[in-house]
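Asks:
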Amino acid sequence: MLVVDGLEVAYGDLQVVWGISFEVPEDSIVAILGPNGAGKTTTLLALMGLLPVTGGTVTFGADPLLGLPTHKVVERGVVMVPEERATFASLTVEENLELGAFTRRARSAVDETKSEVYEIFPFLAERPTQKAATLSGGERQMLAIGKALMARPRLLILDEPSLGLAPIVVENTFGVISTIREKGVAVLMVEQHVEKTLDLADHAYILEMGRIVVDGPGTRLATDSRVREAYLGL
Amino acid sequence: MSRLILQSAVSGVLVGGMYGLVALGLALAFGVLKVLNVAHGELLMLGGYAAFFAFTLWGLDPIVSIPLVFLGLFLFGVILYFTLFKHVTRLAIGPRIKNSLLLSFGLVLVLQALAVRFFTGDERTISTAYSSEAITIGWLRVPVVRLAGLVVAVVAAFLLEWVLTRTRFGLALRATSEDWTRAALTGVNVGWIYLTAFAISAGLAAVAGSLVGLGYSVSPSIGLGWTLKALIVVVLAGLGSMRGIILAGVFLGLTESLAAVWLGGEYREIAALVLFLLVLSIRPQGFFGRAHA
Amino acid sequence: MPRKWLAVVSGSAVLALAVGIGLGSDNQHLLTIAIQTMLLAALASSWNILGGFAGQISLGHAVFFGLGAQTTRELWLAGLPLAVSVAAALLVTAVFAAVVGVPMLRFRDIYFTIGTLALGVAIFLTVGNVRPRLSSLTVEALRAYDFSGPYFMTLGVLLVTVAVATWLKNSKVGLGMMAVRDDEEAAGSTGINPLSHKMVAFVVSAVLAALAGAAYAYFTASYYPSFPFSVVWTFEAILVAFVGGMGTITGPLIGSVFFVVGRDALPSSIEEFQVVVFGLLFILVVLLLPGGLLEGAQRLIRRGSKQDTRSTSNEGTTKSKGKELV
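If you're matching them up, the sequences are chains A, B and C in order. 409 is the number of the first residue of the first sequence in the working numbering; add one for each residue after it. 65 is the number of the first residue of the second sequence in the working numbering; add one for each residue after it. 3 is the number of the first residue of the third sequence in the working numbering; add one for each residue after it.
1) For B:Arg238, return the contacting residues in chain A, with the cut-off set at a CB-CB distance below 7 Å.
2) Going by DSSP, what residues sit across from A:Phe430 in a beta bridge?
3) Which residue marks the beginning of the beta strand (DSSP E) containing A:Ile620, and which one marks its end?
4) My assumption, with CB atoms under 8 Å, is that B:Ile310 sits in contact with B:Gly84. Please give the rounded CB distance.
5) Look at the alpha carbon of C:Gly158 and the alpha carbon of C:Val16, and state the distance between them as a whole number of angstroms.
6) Taking the alpha carbon of C:Thr73 as the reference point, which residue from C:Val88, C:His63, C:Gly257, C:Leu170 has its own alpha carbon closest?
7) Please confirm whether B:Asn253 has its beta-carbon closer than 8 Å to some beta-carbon of chain A.
8) B:Gly185 by DSSP, collapsed to three states: which one?
9) According to DSSP, A:Ala643 sits in a beta bridge with which residue or residues?
10) Compute the Euclidean distance between the alpha carbons of B:Leu97 and B:Leu165, then round it to the nearest angstrom.
11) By the criterion of Cβ-Cβ separation under 7 Å, what are the contact partners of C:Glu274 in chain B?
12) Residues of chain C with CB under 7 Å from B:Gly289, in chain order?
13) Out of A:Val461, A:Thr451, A:Pro433, point me to the one whose CA is closest to A:Ile614's CA.
14) Under the rule that 16 or more other beta-carbon atoms within 10 Å means buried, what is C:His199, buried or exposed?
15) How would you call B:Gly81, buried or exposed, if buried means at least 16 neighbouring beta carbons within 10 angstroms?
16) Note down, in chain order, each residue of its chain lying with its Cβ closer than 6 Å to the Cβ of A:Gly485, except the 5 sequence neighbours on either side.
17) Measure the C-alpha to C-alpha separation of C:Val182 and C:Arg135 and round it to an integer number of angstroms.
18) Return the chain-ordered ranges of every alpha helix (DSSP H) run that is complete within the segment 114-158 of chain C and spans a minimum of 4 residues.
19) Could you spell out the range, first to last residue, of the alpha helix (DSSP H) harbouring B:Arg332?
20) Excluding sequence positions up to five away, which residues of its chain have a Cβ less than 7 Å from the Cβ of C:Thr194?
21) So A:Asp519 is in the alpha helix (DSSP H); what residue range does that whole segment cover?
22) Kindly say whether C:Tyr330, judged by its beta-carbon, lies nearer than 8 Å to any beta-carbon of chain B.
23) Check each candidate in C:Asp266, C:Ala208, C:Leu282, C:Val279 and name the one with the smallest Cα separation from C:Ala36.
24) Is A:Thr581 helix, strand or coil when you go by DSSP?
25) Using a beta-carbon distance cut-off of less than 9 Å, what residues from the segment 243-275 of chain B approach chain A?
26) Thinking C-beta only, is C:Leu41 closer than 8 Å to C:Ala220?
27) Determine the extent of the alpha helix (DSSP H) in which C:Asp184 is found, giving its start and end residues.
28) Quick one: measure Cβ to Cβ for C:Ser48 and C:Thr163, integer angstroms, because I've assumed they're closer than 8 Å.
29) For A:Arg548, which three-state DSSP category applies?
30) Using a Cβ cut-off of 8 Å, pull out every chain C residue sitting near B:Ser75, in sequence order please.
31) Helix, strand or coil for A:Leu458? Go by DSSP, reduced to three states.
32) Which residue spans inside the segment 186-241 of chain B form an unbroken beta strand (DSSP E) run of at least 3?
33) If the criterion is Cβ atoms closer than 8 Å, does the pair C:Lys171 and C:Phe55 meet it?
34) For chain C, is any of its Cβ atoms less than 8 Å away from the one on B:Lys150?
35) State yes or no: is the beta carbon of B:Leu155 nearer than 8 Å to at least one beta carbon in chain A?
36) Does the Cβ of C:Leu286 have 16 or more other Cβ atoms within 10 Å, making it buried, or fewer, making it exposed?
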């Protein structure tokens, strides 16, 4: 569904992503793993139209995605949850969710989507008027994902969803991600929890210094000796 | 003496409403775009002239022409956004504020000079049939044209607050002012939000200009003085609530008027300056809320 | 070494030319242009000490120019000798700047700029209220008026200003100012006191502006007392310093020549649009240097020494998240 071919991204003269290619098929979970500074977040932001791309192509469905402003990318059904639990702190839970359904496509089905989101995250339904700033870290992450789902994504992009969360909440988050896939939404995620992610992902790519060094099905990478050595410390 | 104080307090409250109204637009542009437009007072000045000429050439009452004047400066705001301010919105927040300040500083000079060239340096006041009328309560005089200014300011604040808290557009405005990247990732067309917020800010300045032309006077050089008052009000109130901005405006007007009773009217600006420096000293980081964090 | 000699030789040549014009020419137009250029050069150089050396962008510089002008003028017209009047004006300005500087310099970056703008506007309006009448030289003074007095006074003011700026730039205090400009935190951690360095820059800059104001008060036949306080002076000083090159000694000088000669060369049909033209020029300069006025100038100063890579549309995000992004 999402096909990235030869993507290059640079900050001014500093090239960060060197011609990477990967794809996310329908109904799948794809992970990008790698050390800090490998270019993972840069890749995601470039897909969303937030960074200028210097080379390569990206297609989503049948249409090219590059060059579209961010809100159009969202309108097409590619929705990203940036790291640091990106909710709007000054808005209430309900306002965050309403805002999530901002695109024309999502607006028409807002009530229906909201009840689906409440089903996944029941606690949100209980406190619609609470300000996001007063939620706990884990709750805010759930709200951020819920807000993204309100846009009725076809592809959900998650940037380090477990960053800074307590272990039990991390477990929860991974459970939510597979629930989302079951609802027919493809997921592209960047993560630090390599073992758990490989367990969950249908396919994973390892990014180092802006280049993909190895890729394969999650279960196979989990047994790959190079990956085990470099990322699992085994 | 107490008569003088009370009468001064009334004038202070009335002019304070205008301070608040001018600050509403400044705060809107700053809050949403992180653009500090010190030419806001010049937009007010242009609005004042628009109302003045609508009155003298077409006989349009300045209260009636408010929507027209708003629209006119709204469109001018669109032009200014595309030609100037759009370019600074590409910068990170810090340089964005600094460059917008310098940019609009240049704009102040340009608009002032053009106004002198086309409207002459004369002071103009819109004199309608009701201009000299006043509501009298005992010996207390409340000029209707100035009261109208306060009323419009309060109405504008409530309207703006309603838009911000009750509409989808307002929701997008608030989201954009908190974090434009996140707003874009949520599907908000940030460029469009910037444009409309800036244009509304210009339109609000023009509404204030109409009322200044009616209750006070308009000349090419009035802009910076009003901008100064708006800056002080924003420092006092922060960007949070529109009603808070009007209240802070009234507080500033009251402070100035009462200071003028004791210091003499010539020194009212110094009272405002001292208040400004005082607040800024007490909370130097609190200026404009978390926006510059 | 040869660079230094080049500066000395060309400086002396310009000075000789300036003195020659003053002594030899009775072309009033030429003398007027020269006086205007030197006055603006002095004012821009004084702004440059605070803005260019110490990195504090002030929009209230005209306050000190005006204070120098007004104090000199009032004392002088009251009968005091000119030298005494000027000395008093400089003292008054120094004290005023020190007092105002205490709260003002605690404000960082943009807050300082806004604070100085507020100061400029409030003082301008107040002077207009308190001294609404035109200030004119006496009839005798006007009868005795000739161009060489103002010419050499302005030249002297400019020489003093440039000398102070040059000395400061090469002094330890000046180096401290530039360290504060480049990175206030880092400067603080190496033992430089940012506040006192900014204070020195603020007061010296103000006193030199007052000196230029004194020259203005000496040679201008009549003006409204609020006029020297007008924001136009600040604007011209910044424009000139920036176009010429901020943080340099020659920048404001060269910028003033371009500015005044350019203004004089404008066709008379658009003479009344002068301010508009220069305002637009100023806007253009700000727009074309996206890192900011100061950053842009710094880039020009250390041209080539270091590549700036942070200029993408996403600068906000990259900055806030630091290196993690890459």
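Each residue gets a CB set at the ideal place from its N, CA and C atoms; glycine is no exception. Keep in mind it's a predicted model, so treat the numbers as computed, not measured.
Replies: Based on what the coordinates show:
1) For B:Arg238, the residues of chain A that pass the 7 Å Cβ criterion are Ser498, Leu499, in the order they occur in the chain.
2) A:Val412
3) 619-625
4) 4 Å
5) Near 14 Å, if we compare the C-alpha coordinates of C:Val16 and C:Gly158.
6) C:Val88
7) yes
8) In this structure, B:Gly185 counts as coil in the three-state DSSP scheme.
9) There is no way to answer for residue 643 of chain A, as the model of chain A reaches only from 409 to 642.
10) 12 Å
11) Arg181
12) Val123, Leu127
13) A:Thr451
14) buried
15) buried
16) Pro561, Arg562
17) 43 Å
18) 141-145, all fully within the segment 114-158 of chain C.
19) 332-346
20) According to the sequence shown, residue 194 of chain C is Ile rather than Thr. Answer for C:Ile194: Gly178, Ala181, Val182, listed in chain order.
21) 518-528
22) Examination of residue 330 of chain C is not possible in this model, given that chain C is present from 3 through 328 alone.
23) C:Asp266
24) The answer is helix: DSSP assigns A:Thr581 an H, G or I state.
25) Asp243, Thr245, Arg246, Ala247, Ala248, Leu249, Thr250, Gly251, Val252, Asn253, Val254, Gly255, Trp256
26) In the sequence on display, residue 220 of chain C carries Tyr and not Ala. Cβ distance not < 8 Å, so C:Tyr220 and C:Leu41 don't count as in contact.
27) 174-184
28) 6 Å
29) helix
30) Those within 8 Å of B:Ser75 in chain C number zero; the least Cβ separation is about 16 Å.
31) coil
32) 198-201, 204-207
33) yes
34) no
35) no
36) C:Leu286 should be labelled exposed.
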